[in-house]
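Below you'll find the structure, written out as structure tokens, and then a few comments.
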Amino acid sequence: MKKYGATVGINRNIRCHLSFHLMVAIVTIACATGCTPSQQESLSAAKQLQTASLVCTEATWNLGEVLVKGKALDFTHVFHVENRSTKSIKLADVRSDCGCVVADDYESEIPPGHFTDISVTISVFGPPGGFRKTIMVIDDDTSQPPCALSIVGSRAVSDLLYCYPAKINFGRICRGDSKTKEILISRYDGSAVNFRTFVSDECRLKIDGKPTSLTRSDEILRRNCELIQVPLKLELDTEPVGLFKSKARILTESTDEGTAELEIELEATIIDKATPWVPSIFVGRLPADEIIERSLVAIDDLEQIPRIISASYSGDASMHTEVIDSNDLDSTKAPRVRITRIGVGSGNRLARGRLTIETSRSPDATPAVVEISAFLSP
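Its first residue numbered -4, the sequence shown is counted upward by one per residue in my numbering.
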């Protein structure tokens, strides 16, 4: 026990000596540099600033808290960027990480020892909360690091209007038809929306009926408030088949509160009404004894789909198809095909076939053809 106690005492002495030498080393380093670890980081940043070619001594613009009411607010600031190298610098680009920030009015070439003023305009809008935007001033010499400029601030809670969703996908629409979707309009501070009349500046987008008031949880701030539900009808008459995209502004009537506008994005897939069938079906993996079911049509309106008279399959004998018409089992479902694999093979291979569909549209109508392909897996 005495030996054990002596050993502990020796270990304690060793630790004390080590701790003493460690403290001496830390004090020596601190005395040599004259700064704390946080000051060391600042010193390192200062050294990098000294070695950089493009330098902005006040690289952060703090907007503070911004109260946005009615519409977006624009603010402008000028950053002074200096060339501290011994040669002229050509600016390859001045790039922002957000479309709400625009930089212009600057010299594209800066002689050594000179500077350029970069005028920056930011449009502040959106939900309450903080924001940070970054602008990169990029040297034509790719070996040099870019000069980063920052804009920071916060948006105060306001009565600014917003809508959800801001992007509406109407899905598939037959050319010459229309489809209606709803948007919800609210205020960021949860106060009542008193506007009752809305118009669209997009000729193909109509207000379809009377807006209605709702009290429910909104989708952005997650709290109960008064919302206005506005039905929007998209009418597509002469647009070509394929993807349709557009932007629209929803405008309010003029009242004591003034006017307000909301920008939304529209998207839809336009389909020819005469050919509601999908051109092809691909099954990524078709194992043995498994049934895969796929829709045969590319539109949502079942009334526009002709009744199937007959369907025949030709192609790889390893696949079997069964067509289910909407009138057979469930009139609320579109016509679909069940694809099964016959037999068991080794390895993976691609099987191809073709489904020919006769419809009730006209005895002389050309049959619809749907190409079917699947990877047969063990």
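Every residue, glycine too, gets a C-beta built ideally from N, C-alpha and C.
Only residues of its own chain outside the window of five on either side were considered, and among them Pro107 have a CB closer than 8 Å to the CB of lysine 82, listed in chain order. Measuring C-alpha to C-alpha distances from alanine 369 to each of Val132, Arg280, Leu227 and Val76 identifies Arg280 as the nearest. The continuous beta strand (DSSP E) containing cysteine 169 extends over residues 162 to 169. In the structure shown, asparagine 57 adopts extended strand secondary structure according to DSSP, grouped into three states. Look at valine 188 here: in three-state DSSP terms it is coil, with no helix or strand label. DSSP, reduced to helix, strand and coil, places glycine 279 within a strand of the structure shown.
Here the region 71 to 79 does not lie against the region 159 to 170, with fewer than 3 beta-carbon pairs under 8 Å apart.
In this structure, Ala243 is the residue among Ala243, Ser290 and Ile130 with its C-alpha nearest to the C-alpha of arginine 199.
Within the region 191 to 224, the complete beta strand (DSSP E) runs of at least 3 residues fall at 193 to 195, 200 to 202 and 207 to 212. Per the Cβ contact rule, the region 141 to 148 is not in contact with the region 186 to 198 (fewer than 3 Cβ pairs under 8 Å).
For glutamate 317, the enclosing beta strand (DSSP E) begins and ends at 314 to 319. For phenylalanine 74 and proline 274, the gap between their C-alpha atoms comes out near 56 Å.
Shown here for histidine 72: same chain residues with a beta carbon closer than 6 Å to its own, the five before and five after excluded, namely Trp56 and Val115 in chain order.
The alpha-carbon of valine 225 is positioned some 17 Å away from that of serine 186.
Ranked by Cα distance from tyrosine 183, the first of Gly124, Glu366, Glu177 and Ile337 is Gly124. DSSP lists Leu350 as the bridge partner or partners of valine 365.
Just measuring C-alpha positions, the residue of Glu260, Ala363 and Ile367 sitting nearest serine 313 is Ile367. For arginine 289, the enclosing beta strand (DSSP E) covers residues 286 to 290. Excluding five sequence positions before and after glycine 237, the CB atoms of its chain that fall closer than 8 Å to its own CB belong to Thr264 and Ile265, given in chain order. A distance below 6 Å between beta-carbons, with the five flanking residues on each side excluded, links isoleucine 146 to the following residues of its chain, in chain order: Trp56, Ile117 and Lys128. Looking from the CA of serine 305, the closest CA among Lys205, Ile319, Ile337 and Ser153 belongs to Ile319. Across the set Val364, Lys66, Ile84 and Thr207, the C-alpha of Ile84 shows the shortest separation from the C-alpha of serine 138. Measuring C-alpha to C-alpha distances from leucine 229 to each of Ile300, Ser241, Ser309 and Glu248 identifies Ser241 as the nearest.
Annotation: the continuous beta strand (DSSP E) that includes valine 332 extends over 331 to 336.
Burial check for valine 365: the Cβ neighbour count within 10 Å reaches 16 or more, so the residue is buried.
By the neighbour-count definition (other C-beta atoms within 10 Å, threshold 16), isoleucine 303 is a buried residue.
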